[in-house]
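Participant:
Numbering (this note's numbering), first residue to last: 15 to 307.
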């Protein structure tokens, strides 16, 4: 049953359109210092992508304007789980601010806590201690229903394994999130078709996931993440199951979405992929060890 949600129920300030960034020297230094300690991609082809950017010099001198206001604030966050009589700490005193229009990469080895951090940012879990704000709203103070509505309209999720429903067509998969939440007055079927056209799959909208390649499946997942026009995209290893060429195409799509003003937070363990973000946050042993542009 389709539950329509009016925009005023999740009223936030507009996110201004920002342009896409290129790499800088500090980020290159971070990768050269850290690559040996946590890179897990030595046996795969390196990503060397030509991503779109305007080439205009912003106020920070790196081809992009200064970021907009904070859209996500992680404040003194701790996360632990209880196993029997033991409390297992995962994150310790994490502080992170993500600004409107940023393309942020979160890196770290397996077990570092980066996926836990993304789950907290995406409201899929709640912190043991601390605060998480989205556009100034403290999610700890919201009910589960309010959090679900906020998540459904303001955050789009993209996963490494695509997470498409096998029995549904590409079109039905894209439209699926609107069954729980959708913006008032939007023709969701029309928007789903437009999004599939945008990602180059207009001729595949009636195909099921088993009839699509990995790259096509990820494009469907991106379209699905955009169906409710969220301000923020969370991508967990979005190129992990793709070959290098297809991975570059997906990164290019992210760059274009970011240029249009979308805030993107991407989890990756590959420093070559993270280079295409504006800023890189390194998580290790449950703490943020570096936060570099």
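Virtual Cβ for every residue (Gly too), placed ideally from N, Cα, C.
From residue 169 to residue 274, what distance separates their C-alpha atoms?
Facilitator: Distance between the alpha carbons of residue 169 and residue 274 is about 16 Å.
Participant: To test your reading of the DSSP string, which unbroken alpha helix (DSSP H) runs of 4 or more residues are found completely within the segment 104-137?
Facilitator: Runs of the alpha helix (DSSP H) inside the segment 104-137: 128-135.
Participant: Assuming contact is defined by CB atoms lying nearer than 8 Å, are residue 312 and residue 171 in contact in what I supplied?
Facilitator: Summary: the structure shown does not reach residue 312, with the chain confined to residues 15 through 307, and so no result is reported for it.
Participant: Counting along the chain, where does the beta strand (DSSP E) carrying residue 146 start and finish?
Facilitator: It spans 143-148 - the beta strand (DSSP E) in which residue 146 sits, taken as one unbroken run.
Participant: Please report how far the alpha carbon of residue 232 lies from the alpha carbon of residue 161, in whole angstroms.
Facilitator: So the two alpha carbons sit approximately 26 Å from each other.
Participant: Note down the Cα distance separating residue 247 from residue 131, rounded to an integer number of angstroms.
Facilitator: Roughly 14 Å between the two C-alpha positions.
Participant: Three-state secondary structure (DSSP) at residue 163?
Facilitator: If DSSP states are grouped into helix, strand and coil, residue 163 belongs with the helices.
Participant: Nearest to residue 84 by CA position, among 278, 288, 230, is which residue?
Facilitator: Ranking the options by Cα distance to residue 84, first place goes to 278.
Participant: Check this for me: beta carbons of residue 191 and residue 241, under 8 Å apart or not?
Facilitator: Yes; because the gap between Cβ atoms is below 8 Å, this pair is in contact.
Participant: If you check the beta carbons only, do residue 244 and residue 280 fall under 8 Å apart?
Facilitator: Contact: no.
Participant: So, helix, strand or coil for residue 241, using DSSP?
Facilitator: If DSSP states are grouped into helix, strand and coil, residue 241 belongs with coil.
Participant: So residue 156 and residue 167 are supposed to be a Cβ contact under 8 Å. How far apart are they, rounded?
Facilitator: Incorrect: roughly 13 Å between the Cβ atoms, too far for contact.
Participant: Kindly examine the ligand NAD and report whether one of its heavy atoms sits closer than 7 Å to the Cβ of residue 247.
Facilitator: With respect to small molecules bound, the structure shown includes none, and the ligand NAD cannot be examined in it.
Participant: Take residue 215 and list the residues in its own chain whose beta-carbon comes closer than 7 Å to its own, dropping the five residues that flank it on each side.
Facilitator: For residue 215, where only same-chain residues beyond five positions count, the Cβ hits under 7 Å are 184, 230, 233, 234.
Participant: Count the other CB atoms, across all protein chains shown, that sit within 10 Å of the CB of residue 286; report buried if there are 16 or more and exposed otherwise.
Facilitator: Residue 286 should be labelled buried.
Participant: Span of the alpha helix (DSSP H) holding residue 271?
Facilitator: Residues 258-273.
Participant: Kindly indicate which residue of 302, 261, 304 has the alpha-carbon position closest to the one of residue 290.
Facilitator: Residue 290 has its Cα closest to that of 261, out of 302, 261, 304.
Participant: By how many angstroms is the C-alpha of residue 205 removed from the C-alpha of residue 197?
Facilitator: Residue 197 and residue 205: Cα-Cα distance of roughly 11 Å.
Participant: Under 8 Å by Cβ, that's how I've got residue 292 and residue 118 pegged, so tell me the actual separation to the nearest angstrom.
Facilitator: Residue 292 to residue 118, Cβ: 7 Å. Contact.
Participant: Out of curiosity, what's the CA-to-CA distance linking residue 96 and residue 207?
Facilitator: In a straight line, the C-alpha of residue 96 is about 45 Å away from that of residue 207.
Participant: Rounded to whole angstroms, what is the Cα-Cα separation between residue 13 and residue 99?
Facilitator: Because the chain spans 15 through 307 in this model, residue 13 falls outside it and cannot be assessed.
Participant: Let me make sure I understand the geometry here. Which of 138, 127, 93, 90 has the alpha-carbon closest to that of residue 297?
Facilitator: Considering only alpha carbons, the answer is 127.
Participant: Does the separation of the CB atoms of residue 249 and residue 210 fall below 8 Å?
Facilitator: Not a contact, by the Cβ cut-off of 8 Å.
Participant: Helix, strand or coil for residue 210, going by three-state DSSP, please let me know.
Facilitator: Three-state DSSP puts residue 210 in a helix.
Participant: Taking buried to mean at least 16 other C-beta atoms within 10 Å of its own C-beta, is residue 135 buried or exposed?
Facilitator: Buried: at least 16 other Cβ atoms inside 10 Å.
Participant: Could you name the residues of the same chain whose beta carbon sits closer than 6 Å to that of residue 299, not counting the 5 residues immediately before and after it, in chain order?
Facilitator: Closer than 6 Å at the Cβ level, and outside the excluded window around residue 299, lies no residue.
Participant: How would you write the range of the alpha helix (DSSP H) that residue 249 sits in, first residue to last?
Facilitator: First-last for residue 249: 246-250, but that is the beta strand (DSSP E), not the alpha helix (DSSP H).
Participant: For residue 191, which three-state DSSP category applies?
Facilitator: Residue 191 falls in the helix class under three-state DSSP.
Participant: Which residues mark the beginning and the end of the beta strand (DSSP E) in which residue 287 is found?
Facilitator: Element bounds for residue 287: not the beta strand (DSSP E) but the alpha helix (DSSP H), 285-288.
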